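In the working numbering, the protein residues as written are 482 to 623.
Beta carbons: idealized from backbone N, C-alpha and C, even for Gly.
Owing to the predicted nature of the structure, the values given are computational and were not obtained by experimental measurement.
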């Protein structure tokens, strides 16, 4: 995610030399005799989605308030937070993110998805919520 709210996913791919010139401008040339290309899989500008930026207050600190966490088992699923909400995006279902339930928890400030199917989210109120990948409401809150 860049400072303008654009989320991009990239892959590195080794290809044969005769195809390398036809693939694009992102040539990495990582080893002698090998040709590697950087391929963009996905790119979405979150700033222009009304589901995410529903008020102008979110624009004043966008670079400081957004966190991003990819699912370690499925790179089509990622979570991100703004200064007001927590979202899940499953690209297989839709490019429009799903807003997760955070009522009474303050602003999401840290995300961690180190365990399969579970997201830990820290909030500015001091609470920590555990979310399951299949649900939009937290399983438990400490």
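TODO: Go ahead and label residue 536 buried or exposed: buried means 16 or more other beta carbons lie within 10 angstroms of its beta carbon, across all protein chains shown.
DONE: The residue given as residue 536 occupies position 55 in the chain shown. Only weak support is given to the placement of residue 536: the predicted model assigns it a pLDDT of 49, under 50, and the question is left unresolved by the model.
TODO: Use the C-beta contact count for residue 567: other C-beta atoms within 10 angstroms, 16 or more gives buried, fewer gives exposed.
DONE: To locate residue 567, count along the chain shown from 1; it is residue 86. Classification of residue 567: buried, given that the 10 Å Cβ count is 16 or more.
Task: Where residue 483 sits in the DSSP three-state scheme - done: Start at 1 with the first residue of the chain shown, and residue 483 comes out as number 2. Residue 483 falls in the coil class under three-state DSSP.
TODO: Give the DSSP-derived three-state secondary structure of residue 528 in the structure shown.
DONE: In the chain shown, counting from the first residue as 1, residue 528 sits at position 47. Three-state DSSP puts residue 528 in a helix.
Open item on the list: To the nearest angstrom, how far is the alpha carbon of residue 591 from that of residue 551?
Closed with: As a working mapping, residue 591 is identified with position 110 in the chain shown. As a working mapping, residue 551 is identified with position 70 in the chain shown. The straight-line gap from Cα to Cα measures roughly 13 Å.
- [ ] Inspect the beta-carbon positions of residue 586 and residue 560 and report whether they are closer than 9 Å.
- [x] Sequence index remark: in the chain shown, residue 586 carries index 105 (1-based). Sequence index remark: in the chain shown, residue 560 carries index 79 (1-based). Cβ distance not < 9 Å, so residue 586 and residue 560 don't count as in contact.
Open item on the list: Am I right that residue 523 and residue 495 are in contact with their C-beta atoms under 8 Å? What's the rounded C-beta distance?
Closed with: The residue you call residue 523 lines up with position 42 of the chain shown. The residue you call residue 495 lines up with position 14 of the chain shown. Your pair residue 523 and residue 495 does not check out as a contact, with CB atoms roughly 21 Å apart and the cut at 8 Å.
- [ ] Mind checking which residues open and close the beta strand (DSSP E) that includes residue 595?
- [x] For the purposes of this step, residue 595 is identified with residue 114 of the chain shown, where counting begins at 1. Per DSSP, residue 595 belongs to the beta strand (DSSP E) from 589-596.
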